[in-house]
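Have a look at the structure below, then the notes.
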Amino acid sequence: MQKNSFSEFFIRFWGVRGSIPTPGKETVRYGGNTPCVEMQVAGRRLIFDGGTGLRVLGKELLGQMPVEAYMFFTHSHWDHIQGFPFFVPAFIPGNRFHIYGAITPNGSTIKERLSDQMHHPNFPVPLQAMRSDLKFNDLNPGEVLNLDGIRIETGRLNHPNEAMGYRVSWENHAAVYCTDTEHYPDRLDENILHLARNADVLIYDATYTEEEYNNPKSPKIGWGHSTWQEAVKLAKAAGVKKLVIFHHDPSHDDDFLDNIEAQVEAALPNSLLAREGMILPLMGAKPKQ
113 MQKNSFSEFF
123 IRFWGVRGSI
133 PTPGKETVRY
143 GGNTPCVEMQ
153 VAGRRLIFDG
163 GTGLRVLGKE
173 LLGQMPVEAY
183 MFFTHSHWDH
193 IQGFPFFVPA
203 FIPGNRFHIY
213 GAITPNGSTI
223 KERLSDQMHH
233 PNFPVPLQAM
243 RSDLKFNDLN
253 PGEVLNLDGI
263 RIETGRLNHP
273 NEAMGYRVSW
283 ENHAAVYCTD
293 TEHYPDRLDE
303 NILHLARNAD
313 VLIYDATYTE
323 EEYNNPKSPK
333 IGWGHSTWQE
343 AVKLAKAAGV
353 KKLVIFHHDP
363 SHDDDFLDNI
373 EAQVEAALPN
383 SLLAREGMIL
393 PLMGAKPKQ
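Per this note's numbering, the sequence shown starts with residue 113, numbered consecutively.
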């Protein structure tokens, strides 16, 4: 792994948008790629989700080969896996990827779901064309992994067809990745509270504002996503040090998100919105945007 100057535990955001990529002049500050978050921890590279941001990360990794990484998928809705067929390092022999994901309620594995999107007529190149060493692993919500002292906890999220959240802990520091998830109307989500307890960073799905979520003309209730207002409640209850708002709605342009960030920071100081390319160290340094 390439040495870095910020810390031995940092987060880099390669894709922060939800649902569909949104290129264009109105999204240049926050970015338009769909979810992909990299964590480098004690010499290990962890990658969360494989949206279109994964393609950009792959280009970066071409200068660091051979590459070994651990890939964790929250679920397999298209915006979280659509970058995987374009992840160039996976096609190159000598690289190794450990791939983790939950089995869906209908019994399909993460390997099956990643392979399915590359079948004809959806895609011209099958999964078998990837010549790197791909090791697929099935996870159950609540399962705990240990990677040479890095503890990775999992928990079920409230999302159609289910999703999985992750907590990464190392040397008394912790980062939590919880997207896609919908809050409950009458209580805070106990699974997220457990994952996020006293975390340094909580990355949370806040696709909507409260007004959008409850809009009587086009409500978003039951769509599987949450709001920044609920994110603040969860972060306060869990004792989170820094809240990062994530999975931006494709209709929210940069000016809209600037306004949201100001409201979030006023409600919970030391909070911010995820930006594509942002580097967030957990051990002392300031964020790089």
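C-beta atoms are modelled at their ideal positions from N, C-alpha and C, and glycine is treated no differently.
Nothing here was measured: the structure is a model prediction, and the numbers come from that model.
Backbone secondary structure at Lys247 - three-state DSSP
Residue state, collapsed to three classes: strand.
Is it the case that the CB of Gln176 approaches a heavy atom of the ligand PLP more closely than 7 angstroms?
Although the ligand PLP was asked about, the structure shown includes no ligands whatsoever.
Coil, strand or helix - Ser383 by DSSP
Note: Ser383 maps to coil in three-state DSSP.
For the region 179–194 against the region 271–278, are there 3 or more C-beta pairs whose distance is under 8 angstroms?
In short, these stretches touch, since the Cβ pair count reaches three.
Start-to-end residues for the beta strand (DSSP E) that takes in Val313
Start and end: 313–317.
Who are Arg268's beta bridge partners in DSSP?
DSSP output for Arg268 lists Met276 as bridge partner(s).
Please classify Val313 as buried or exposed, where buried requires at least 16 other C-beta atoms within 10 Å of its C-beta.
By the beta-carbon neighbour count (other beta carbons within 10 angstroms, threshold 16), Val313 is buried.
Do Leu307 and Val288 have their beta-carbon atoms positioned less than 8 angstroms apart in this structure?
In contact: Val288 and Leu307 (Cβ atoms closer than 8 angstroms).
Is the separation between the beta-carbon of Thr291 and that of Ile262 shorter than 8 angstroms?
No, the pair does not count as a contact, with Cβ atoms beyond the cut-off.
Quick one: grab the DSSP three-state call for Tyr182.
Taken through DSSP and simplified to helix, strand or coil, Tyr182 comes out as strand.
Beta-carbon proximity of Tyr212 to Met230, cut-off 8 angstroms:
Met230 sits away from Tyr212, with the two beta carbons spaced by 8 angstroms or more.
Do the CB positions of Phe128 and Glu388 come within less than 8 angstroms of each other?
Checking the displayed sequence, the identity of residue 128 turns out to be Val instead of Phe. Remark: C-beta atoms of Val128 and Glu388 approach each other more closely than 8 angstroms.
Taking the C-alpha atoms as reference points, what is the distance between Arg141 and Ser338?
Going by the C-alpha atoms only, they are around 22 angstroms apart.
Through-space distance from Gly334 to Thr216, alpha-carbon basis:
Near 19 angstroms, if we compare the C-alpha coordinates of Gly334 and Thr216.
Report all residues from its chain with a CB closer than 8 angstroms to the CB of Tyr296; omit the five preceding and five following residues, and keep chain order.
Excluding sequence neighbours, Tyr296 sits near Asn270.
Contacting residues, own chain, Cβ-Cβ under 6 angstroms from Gly144 (five flanking each side not counted):
Apart from sequence neighbours up to five positions away, the residues of its chain that approach Gly144 with a beta-carbon distance below 6 angstroms are Arg129, Pro133, Thr134, Pro135, ordered along the chain.
Assign Ser363 to one of two classes, buried (16 or more other C-beta atoms within 10 Å of its C-beta) or exposed (fewer than that).
Exposed is the call here.
With 16 as the cutoff for other CB atoms within 10 Å, does Gly155 come out buried or exposed?
Burial state of Gly155 is exposed, judged by a 10 Å Cβ sphere holding fewer than 16 other Cβ atoms.
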